[in-house]
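Chains as they are written, first to last, in our numbering: chain R, 819 to 1201; chain H, 819 to 1201.
Here a beta-carbon is modelled for each residue, glycine too, at the ideal position from N, C-alpha and C.
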């Protein structure tokens, strides 16, 4: 079996599985806020995990806030920035944001805010010139900017560094959705100089339902989940100590795999070229943009993406057509629409997303399977 | 070792550990919203878990919303009821609520609401007569009522059924904090006729960072964590499928243990009597109130609770002085203050909380250890 849906969710990593099996035998299990020895030992384990996560992510210890995932992180940051904002009424997002950003912005649109959406070019890159223009025109009215670091469908890396600089210069809070970026490429929170970044454990091989919110100035956070003062008052609820420990294990593993980025990228490019030379109609979305090493978003115009996905699945290769959240609608995804992608291309895409320690040979196997699928399906082109 | 801090947090149950170890070997691991086979299989497993939880909790399938725990559930319900409330400005809570309720109510007090706190009698029971009076006087201005089902420190069971009836009659939403109730005593959501109930997986032996929000009319929920439409739009973020599965395993185990309630209660009463007859000064908090089978909140006035806790710990018995959230302050807890408990009693308490399948012999061992501790510490009474 080849699992090629890491951008959707990563399987629990082997290191995490082994860690947990031992952890279940040894304990401790206790409320990390309890005064007895089991409580303080549990707390120490969790705080060690925080230190490891902070180191891998290039953040200060206190800048790491454990939560249930990137979506909670995003809702928390919108809440922090907007709940007490009386004057600035514009939220800037981009046309390729994840629905967690779009839907949260839309919620605040029902509460007096205006959402402005940055255009994206055909290569899948958010237009910084427009942002510069909007900031010049109306920076006093802009409450926040939310633009992702890397897109979940295309894998295209965004000019988040420039966007951050522009926001800093204009004193506007910037939420960078780093969900697909962290773990797939080196990231240093302090060097990025961002206000906020988010990640989800289930994208990293940690336990599902875990996550980290990175905050430059945590003292300014307004908790979304209030509770009893846990996480220094930033996030209530008895801490998910088991889950948080697995974040440290998973991030440590991922960091080791960064050494594979170049070889994997070369192999991915070779794979893409092979398919394109066999099928000249094929389009690689964002082909010439900087992309995550492990993502290929590929379309054979006229062949439904879902048909390709099913053919690959019959050969034990698991891919998706777009993101899990929009998978169920067989139309061009919002991301591709924002890029101005033609509908015949948009309906044909499948997303192949591996991880940094996937064997290189997977690309050969996927190439064979995809060749078979395209050859078969091209004969019965459906649109 | 005797772990006697189940009200603080339950260790991962043996059934859950065994389940997970097998689960890690077999898979599947995937985004439950993905269209491929691994995704749909993951989704099916999670929805089966929802059906099991619904059955054990006496709720409809759609009334079970998975989240990260009771604190998130509480914040979600306050948000649902209050965020769009323009006219009704009173929140009623009680003096013995968990800090998750108190702090959330206090947050809304900064946003134009008034918090009224119901008195509690010396037996630890919330005063329903006062609630009746307040409802008569001003029901048109009451936005919501939040009173717990069982107290986390004392174990005293509250008149939630009467409170719910009063709220229903006055058309006021009632949030019942059932965090300590569910799993420790039979509970049927539909029979309770409540609007909302909450629970935390870590109190039940499930994975930490899991929980269930029970909602009579889920279509009225306003999501706190917005995200990409998961949980039918009620709670965003890729679902914690592994955690949610463990909720089904843990609740199934707990349901089987309800058969032990009577024998455990008898044994607990025998234990309390034994200690009281050896040390007539000893006070059992809420002694004559209906209490959870497994909770004893006990004080020897003049002997610091923390000294007792340390003595018991030296005999490998783990208890706390009050709730984990307020453990660190060596003063009479808010709950005991609300009950009007004398300070010399309040400073002396330790909470002994077992689970429904704890061996009966634990109470004999705890009695011996407590006898030793009290005998030793009474000689050097500290206040």
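In terms of beta-carbon proximity, residue 820 (chain R) stays away from the interface with chain H, with every pair separated by 8 angstroms or more. With a cut-off of 8 angstroms on Cβ pairs, the stretch 979-989 of chain R is not in contact with the stretch 1110-1123 of chain R, counting fewer than three such pairs. Of all residues in the stretch 1038-1061 of chain R, only 1042, 1043, 1044, 1045, 1046, 1047, 1054, 1055, 1056, 1058, 1059, 1060, 1061 come within less than 7 angstroms of chain H when Cβ atoms are compared, listed by chain position. For residue 994 (chain R), DSSP records a beta bridge to R:1015. The three-state secondary structure of residue 1173 (chain R), taken from DSSP, is coil.
Pairing residue 933 (chain H) with residue 909 (chain H) gives a Cβ-Cβ distance under 8 angstroms.
For residue 1169 (chain R), there are no neighbours in chain H by C-beta distance under 8 angstroms, as the nearest C-beta there is about 10 angstroms away.
Per DSSP, residue 819 (chain R) has no beta bridge partner at all. For residue 906 (chain H), the three-state secondary structure derived from DSSP is coil.
Runs of the alpha helix (DSSP H) lying entirely within the stretch 906-951 of chain H and spanning at least 4 residues, in chain order: 917-927. In this structure, the CA atom of residue 986 (chain R) is about 32 angstroms from the CA atom of residue 1057 (chain R). In chain R, no part has a C-beta under 8 angstroms from the C-beta of residue 989 (chain H); the shortest such distance is about 25 angstroms.
Using a CB distance cut-off of 8 angstroms, residue 839 (chain H) counts as an interface residue toward chain R. In this chain, the beta strand (DSSP E) harbouring residue 1117 (chain H) covers 1113-1117. Within the stretch 1020-1034 of chain R, the residues whose Cβ lies closer than 7 angstroms to some Cβ of chain H are 1020, 1025, 1026, 1027, 1028, listed in chain order.
For residue 1131 (chain H), the C-beta contacts it makes with chain R under 8 angstroms involve 854, 855, in order along the chain. Fully enclosed beta strand (DSSP E) runs of no fewer than 3 residues occupy 1113-1117 of the stretch 1058-1126 of chain H, in order along the chain.
Under the three-pair Cβ rule at 8 angstroms, the stretch 1149-1160 of chain H does not count as touching the stretch 841-855 of chain H. Not one beta carbon of chain H lies nearer than 8 angstroms to the beta carbon of residue 993 (chain R). Counting the other CB atoms within 10 Å of its CB gives residue 917 (chain R) a total of 16 or more, which places it among the buried residues.
Distance from the CA of residue 923 (chain R) to the CA of residue 1062 (chain R), rounded to the nearest whole angstrom, comes to 28 angstroms. The continuous beta strand (DSSP E) containing residue 1031 (chain H) extends over residues 1029-1033. DSSP places residue 1138 (chain R) within a strand segment (E or B) once states are collapsed to three. Taking a Cβ-Cβ cut-off of 7 angstroms, the neighbours of residue 835 (chain R) in chain H comprise 842, given in sequence order. With contact defined as three or more Cβ pairs closer than 8 angstroms, the stretch 993-1003 of chain R and the stretch 1016-1026 of chain R are in contact. By the rule that beta-carbons nearer than 8 angstroms mark a contact, residue 967 (chain R) does not touch chain H.
A distance of 8 angstroms or more separates the beta carbons of residue 1031 (chain H) and residue 1068 (chain H).
Across the set R:993, R:1027, R:1024, the C-alpha of R:993 shows the shortest separation from the C-alpha of residue 1011 (chain R). For residue 1003 (chain H), the pairing in a beta bridge is given by DSSP as H:1000.
Of the candidates H:1108, H:1107, H:929, H:1089, the residue whose Cα lies closest to the Cα of residue 1100 (chain H) is H:1089.
Shown here, residue 848 (chain H) sits in coil according to DSSP, grouped into three states, outside any helix or strand. Within the same chain, Cβ atoms closer than 8 angstroms to the Cβ of residue 1187 (chain H) are found at 1129, 1130, 1133, 1135, the five residues on either side in sequence being excluded.
The criterion of a C-beta distance shorter than 8 angstroms is not satisfied by residue 1114 (chain H) and residue 825 (chain H). With its beta carbon at least 8 angstroms from every one in chain R, residue 976 (chain H) lies outside the interface. With a threshold of 8 angstroms between beta carbons, residue 1127 (chain H) makes contact with chain R. Taking the beta carbon of residue 845 (chain R) as reference, the chain H residues within 8 angstroms of it are 829, listed in sequence order.
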